[in-house]
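Okay, so here's the structure we're looking at.
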């Protein structure tokens, strides 16, 4: 359900963090989305914070969705890289852009020196615009997430509670509930390899792309070494 309450602090008029996150997930009402768009456009520093938060939520596995002002920044970077560089107005801003931390605005925050890419000098001359565009397009693609759902069962069709489903490539993992069900966020347009495991059972590997339902049956391991019983003799 879209959030319709006023998204700003009653005294300071600053955007409330919970509503900023709801905006980045696309959970605000149309009216509130427009209000936040206007706020970010008028406050470039807050726009930068919102951009950073977008990537932080994405890395934590949240289902973020660029809307409104954020979506416009992606569109501007992709379709008008020269204009974007001109608006940035500084070498360090373009370098931060390639690192995924810049935004379209008049004020640009200084990025740490260690994060600046080697191509910064050529970017300043406008020779690497295609590379910047490709970087942003890849960032947009990675931001689109979907879910893989399913059940993990044993050889008798009973749910395995606490079985793990891991996406090692993207650093995400979940465990099954009491019914053996799981839901895992995966990139929408990329192939992901999921590792399914449970103590004492043979592991399985799934290859998925996009939203899907993946039910898995695990069988007990047969290569476990049986513990020898010790016999104590009485004398």
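Residue numbers (the working numbering): 265 to 499. Just so you know, even glycine gets a beta-carbon here, dropped at the ideal spot from N, CA and C. Here the structure is a predicted model, which is why all the values come from computation and not from measurement.
#1: Considering only DSSP beta bridges, list what residue 473 is partnered with.
#2: Using the three-state DSSP reduction, which class does residue 293 fall into: helix, strand or coil?
#3: Excluding the 5 residues preceding and the 5 following residue 471 in the sequence, name in chain order all residues of the same chain whose CB lies nearer than 7 Å to its CB.
#4: Could you compute how far the alpha carbon of residue 322 sits from the alpha carbon of residue 335?
#5: Note down the Cα distance separating residue 410 from residue 307, rounded to an integer number of angstroms.
#6: Looking only at its own chain, which residues have a Cβ that is under 8 Å from the Cβ of residue 289, when we skip the five neighbours before and after it?
#7: Can you list, in chain order, the residues of its chain whose CB lies under 8 Å from that of residue 317, leaving out five sequence neighbours each side?
#8: Which stretch, first to last residue, makes up the beta strand (DSSP E) that contains residue 415?
#9: Of all the options 314, 415 and 300, which has the alpha carbon lying nearest to the alpha carbon of residue 480?
#10: Evaluate residue 484 with the Cβ neighbour count: other Cβ atoms within 10 Å of its Cβ, from every protein chain shown; 16 or more gives buried, anything less gives exposed.
#11: Please report the distance separating the alpha-carbon of residue 310 from that of residue 440.
#12: Within 10 Å of its beta-carbon, does residue 501 have 16 or more other beta-carbons around it, so buried, or fewer, so exposed?
With the structure as the only source:
#1: 455.
#2: coil
#3: Result list for residue 471: 455 and 457, in chain order.
#4: 15 Å
#5: 31 Å
#6: 321, 326, 327, 328 and 329
#7: 284, 285 and 288
#8: 409 to 417
#9: Nearest neighbour of residue 480 by Cα position, chosen from 314, 415 and 300, turns out to be 415.
#10: Around the beta carbon of residue 484, fewer than 16 other beta carbons sit within 10 angstroms, so the residue counts as exposed.
#11: 38 Å
#12: Here the chain comprises residues numbered 265 to 499, so residue 501 is not present and cannot be evaluated.
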